[in-house]
Every structure is written in C-alpha cells, then in structure tokens.
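Scroll down for the structure; my scribbles are underneath it.
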Amino acid sequence: MKSYRFSIIGGAMLLLFASCNRSETTSPQRRDIVDAVFASGTVIMENTYHVTSQTAGVLTESLVKEGDSVKAGQLLFQLANNAQQALEAGASASYKYAESNNSPHSPVWQKIKQQQRQALDQLATDSAQYVRFRNLYASHAVAKADMDKMKLAYETSKANLKQVESNMADMRSNLQVEALNARGNYIAQQENKKQGIFTVPYDGVVLTLPKAKGDLVKNGEMLAEIGSGRYLARLMVSEDDISRVKLGQEVYIEFNTERGKSYKAHISRIFPAFSDLDQSFIVEAMYDGVTPDLREGTQLQANIVIGASKHALVIPRRFMLAGSKVKLKGESEPVNVRTGIITPEWAEIKNGLTETDKIIYRNDGKNN
Numbered sequence: 046m047k048s049y050r051f052s053i054i055g056g057a058m059l060l061l062f063a064s065c066n067r068s069e070t071t072s073p074q075r076r077d078i079v080d081a082v083f084a085s086g087t088v089i090m091e092n093t094y095h096v097t098s099q100t101a102g103v104l105t106e107s108l109v110k111e112g113d114s115v116k117a118g119q120l121l122f123q124l125a126n127n128a129q130q131a132l133e134a135g136a137s138a139s140y141k142y143a144e145s146n147n148s149p150h151s152p153v154w155q156k157i158k159q160q161q162r163q164a165l166d167q168l169a170t171d172s173a174q175y176v177r178f179r180n181l182y183a184s185h186a187v188a189k190a191d192m193d194k195m196k197l198a199y200e201t202s203k204a205n206l207k208q209v210e211s212n213m214a215d216m217r218s219n220l221q222v223e224a225l226n227a228r229g230n231y232i233a234q235q236e237n238k239k240q241g242i243f244t245v246p247y248d249g250v251v252l253t254l255p256k257a258k259g260d261l262v263k264n265g266e267m268l269a270e271i272g273s274g275r276y277l278a279r280l281m282v283s284e285d286d287i288s289r290v291k292l293g294q295e296v297y298i299e300f301n302t303e304r305g306k307s308y309k310a311h312i313s314r315i316f317p318a319f320s321d322l323d324q325s326f327i328v329e330a331m332y333d334g335v336t337p338d339l340r341e342g343t344q345l346q347a348n349i350v351i352g353a354s355k356h357a358l359v360i361p362r363r364f365m366l367a368g369s370k371v372k373l374k375g376e377s378e379p380v381n382v383r384t385g386i387i388t389p390e391w392a393e394i395k396n397g398l399t400e401t402d403k404i405i406y407r408n409d410g411k412n413n
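Under the working numbering, think of the first position of the sequence shown as 46, with each following residue one higher.
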C-alpha cells in the first residue's frame, strides 16, 4: 500500500517537471506596430479667466448662467457693500463741502474778504490822519507826540492788512488742498464702488458659477470662470515618459463620454515644469478635424504615438532574452538580434531573424 502511494506521488512530480520545462516555438511575423505613451487628462478651453471679487459684500445681481455666451464688457454681477456705500456717500458730501468752501462766493471766503476790506478802509483812514498830522506838525500846529500817535496807528493798520492778506493766501492754499484731497478720496471711493461691478474682458462662455444671487462673497473669492478659444486636451504624462514626448506627435484620444471611438490630435504644448498638484508633467494636445460636442472638464484617455512601423517583422516580447537575444530551435546558444519598437506584447526585429526561423520560449524563467 505504501509503495503504491509513493509511485503515484513520483508520477505526479515527473509530470510537473515535464510541464515546467515544456518549450514553445514561434516564427517572426509581419504586422504594424506602434510605440505609444499613455496619458490621462481632461478637456480644457484654450483661454480661461476667473472673475474674482476684490471686495466683500452680498451678490445682489447675477445676470448670467452656466453655458451662456458673453461679450467683452458685458455686465455679469453686482455686489452690494453697505459699509462701502456709506464711505462713498461720506466722501461725496466731503467733496461737495470742500468745493463749496473753495468757491469765491463761499461764506468762509466772504468773511475773510470782509476782513480785508475793513483792514483796507482802516489803513486808508489811518494813512490820511498820519499825513494830516505830519503836515500839522511841520507847521508847528500839533505836538510831536500827537503825530507819533497817528504814525503808530498807520503802521499798525498797515501791519494788520498785511496779516489779513497773508491769512487770505494761506486760506486759499488750504481750501484748494482740502478740495483736491476731498476729490481724490471721492474718486477713490467711486473706484472702490466699481469693484462691486463685474464685467467680462473678452468674448467667451460661462463655465462655472460658484456663487448665486444673495450669497455673501468674500474678498478674493471667484464668482465665475469664463472660457474662450478652442477646446484642447490637457494630458498628464509620467516622469518616465516625458522625455519621449515631442511637439507635433500624433495623439489618439478617447473621451469617457464616447467610449470605443478615438479622435486624432497632436501635441501642441509641453509645459517645462513638473506639476506638484497633478504629480506629473503636463502637455496639451490640439484636436485635428471634427470632434464631438465637447465640454470643459470631460475626462479622457490618450495614446501619444512615439513611433510606428508598417509591415514590421515582430515576435512576441516574451520570446526575447536578456541582452537582445533569442533562442533558435536547433541552436545551442542564443543569437543576437537588433530590435526596434518594443511594446508590452511585441518586439520589432530589425536584424538577426527571418520569417522562417523557429524561436523557442522556455517556461523556466530564462526568458524576459
């Protein structure tokens, strides 16, 4: 009974050993072969513009919806800010008040003009009195003390007029400066008010509207994304493959919205820096010919054609040995071959084999 069991086990081991060392043969064949780099990506528009708020407030008007076509200069949103409105109203009142004071007919200006007229009248009176007393003194009709008293009054009136006119000059400058400052502040507040009015800088399509009418908007928040120009494919390429990607290379794209159908494009732009956000290098492809009705953000897969050979001599890649060698039937040593395009399934043979050669694949781990 024991010997019978051992004979069964031994037979099983012999069958397993024979299976592990079973060889497989093939011959080179002719077929088209393509070397391509895979990339995933999305549909983007050639130009995008973010309408961003430069102030805080409540969105009182939202005049567009997603998918709308817009023209350059078109009004999109209005933002209300009560504090800003109060500042603008205060600046307007201050500007009007300063302009009124700066007018020749303003009460403050008329008051100092009245002071000037009074000083002129007083100077004229004191000057006449001084001349009169000086003449009287010359004829010995009045005492010197009386003449000196009139002279002092004249000098005082003259100094007073000079002071009044100096005050007038200072007031004129101050009123002009106040008016200019008030005007500047008013203009600045008007510009700040304009920050709550949003227009589009160029023709395009509204892609996204993250805010709705009545929403509170913070400074720096996006109100809309506007796209324009052609649709492009934004592709993410791995670090291992980016050196093989060149401008103008053909790209075959399949959209997630239209499985099983590919569209031709070509590489139109290669970004120089690694994208930390995407953890890949970014390239753009421009579509050739007719494409389906595209939408921004549509997911896609792409094959970037690195090289291609028509009617190439190929063998299954698993028949390749290390060092670009293959094992021929009837040969004791592997022979060298020169390869071209190598894909996960096939290896192009440029030299070293013919279509009549028999190549051996051994299931013993010695093939690649």
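Heads up, the beta-carbon is just placed ideally off N, CA and C, and yes, glycines get one too.
Per DSSP, the unbroken beta strand (DSSP E) holding Pro361 starts and ends at 344-361. Judged by DSSP in its simplified three-state form, Tyr247 adopts coil rather than helix or strand. Here Asn348 really is in contact with Val296; their C-beta atoms are around 7 Å apart, less than 8 Å. Under the three-pair Cβ rule at 8 Å, the region 355-375 counts as touching the region 384-394. A Cβ-Cβ contact shorter than 9 Å links Glu329 with Ala278. In the DSSP assignment, Arg179 falls within the alpha helix (DSSP H) that extends over 152-183. Under DSSP, Glu329 takes part in a beta bridge, and its partners are Arg279, Arg314. For Ile394, the enclosing beta strand (DSSP E) stretches over residues 391-396.
Shown here for Ala257: same chain residues with a beta carbon closer than 8 Å to its own, the five before and five after excluded, namely Leu104, Ser107 in chain order.
In this chain, the beta strand (DSSP E) harbouring Val103 covers 102-107. In the three-state reduction of the DSSP assignment, Leu254 falls in the coil class. For the set Thr388, Val382, Lys374, Leu398, the Cα lying nearest the Cα of Ser68 is the one of Lys374.
Inter-residue distance for Leu261 and Val88 is about 31 Å (C-alpha atoms, whole angstroms).
Excluding five sequence positions before and after Ala353, the CB atoms of its chain that fall closer than 8 Å to its own CB belong to Asp77, Ile78, Val79, Asp80, Ile386, given in chain order. Assigned with DSSP and collapsed to three states, Asp402 falls in coil, not helix or strand.
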